[in-house]
Amino acid sequence: MSGPADPQSAGAAYWEPLWQEGRRYRTIDAAEADALRRRLGPGRDRPALDIGCGEGALTAQLHRLGYRTTGIDCAPTAVASARGNHPDLDFRVHDFGIDDPALLPHPAFTAITCRLVFRWVTDRDTFLSRVRDLLTPGGTFWVVTSVHDPAQGPPKPWDLSAEEADRLTTAWSGVHPTELTPSFHCYALRP
Ligand SMILES: C[S@@+](CC[C@H](N)C(=O)[O-])C[C@H]1O[C@@H](n2cnc3c(N)ncnc32)[C@H](O)[C@@H]1O
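Residues in the sequence shown are numbered consecutively from 0, following numbering that gives the first Met the number 0.
What follows is the structure in structure tokens.
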């Protein structure tokens, strides 16, 4: 697969064919769901945005925590599948790197999540600046990603490097990492 600087890993032109051919991704296990619950806390009907929601599993977890959730994905097949899995939740086709944030259902979100997405974002500065603009004061940006573990040999295509993970976590006032395994991490980031 392409590296982060390769524009081919961006947008529906890259992701839609993968969904259509039946590609699926790592499921959320109990430890990850528990880390999410501990770091985000109860939703109390506050808005949450799941960027790159895929089939909607994380969006549904946020809903269970009490958040008013919207899942967005640039790939129409992923959104159709998410709607089928969770007909009561709000899913939209929306490319977070390109589309107008004013089209989102709220001007700001208490929680913004992004699971197995950030590695593939080509313009990370723009992506992170959009996240910051949409987070409420005291809100949380939740990122789940593979990070290269040198003990497991060369990096996998889906790994962030340790340096990329460091860059992701700089310039946030609160950084709370959870190492689910040596190569699978969650970060709760607060502006
Ligand atoms: C590896 S999949 C992960 C899906 C889901 N988050 C999960 O954990 O199963 C990455 C998803 O992010 C979506 N995606 C990538 N870039 C995006 C963007 N700029 N805006 C919206 N969705 C995006 C892709 O279409 C794909 O569904």
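Using N, Cα and C, we set each Cβ at its ideal position, and we do this for glycine too.
Hey, out of the options, whose CA is closest to residue i's CA?
| i | options | result |
| --- | --- | --- |
| residue 190 | 91, 172, 90, 181 | 172 |
| residue 118 | 133, 37, 163 | 163 |
| residue 54 | 34, 65, 18 | 18 |
| residue 180 | 153, 9, 143 | 143 |
| residue 178 | 57, 35, 22 | 35 |
| residue 14 | 93, 87, 166 | 93 |
| residue 73 | 109, 98, 47 | 98 |
| residue 47 | 11, 129, 135, 188 | 135 |
| residue 160 | 79, 107, 11, 183 | 183 |
Let me check one thing: in DSSP terms, what residues is residue i bridge-paired to?
| i | result |
| --- | --- |
| residue 145 | 158, 183 |
| residue 70 | 49, 90 |
| residue 125 | The partner list for residue 125 (beta bridge, DSSP) is empty, contrary to what the question assumes. |
| residue 193 | A question about residue 193 goes unanswered here, because the residues of the chain that appear run from 0 up to 190. |
| residue 134 | 108 |
| residue 114 | 143 |
Take the Cβ of residue i as the centre, count every other Cβ of all protein chains shown within 10 Å, and call the residue buried at 16 or more, exposed below.
| i | result |
| --- | --- |
| residue 0 | Note that residue 0 has pLDDT 38, beneath the 50 cutoff, so the model's placement of it is unreliable and no number is given. |
| residue 31 | buried |
| residue 158 | buried |
| residue 151 | exposed |
| residue 57 | buried |
| residue 16 | exposed |
| residue 2 | Note that residue 2 has pLDDT 44, beneath the 50 cutoff, so the model's placement of it is unreliable and no number is given. |
| residue 4 | Because residue 4 sits at a pLDDT of 42, beneath the cut-off of 50, its placement in the model cannot be relied upon, and the point is left open. |
| residue 102 | exposed |
Check whether the Cβ of residue i sits closer than 7 Å to any heavy atom of ligand 1, and report yes or no.
| i | result |
| --- | --- |
| residue 72 | yes |
| residue 53 | yes |
| residue 66 | no |
| residue 21 | no |
| residue 95 | yes |
| residue 56 | yes |
| residue 116 | yes |
| residue 50 | yes |
| residue 186 | no |
| residue 119 | yes |
| residue 77 | yes |
| residue 14 | yes |
| residue 10 | yes |
Is the CB of residue i under 8 Å away from at least one CB in chain C?
| i | result |
| --- | --- |
| residue 170 | This model lacks chain C altogether, as it is built from one protein chain only. |
Taking contact to mean at least 3 C-beta pairs separated by less than 8 Å, is the segment 33-47 in contact with the segment 120-130?
-> no
Examine the Cβ distances between the segment 95-114 and the segment 137-153 and report whether three or more of them are shorter than 8 Å.
-> yes
Do three or more CB pairs link the segment 64-71 to the segment 23-30 at distances below 8 Å?
-> no
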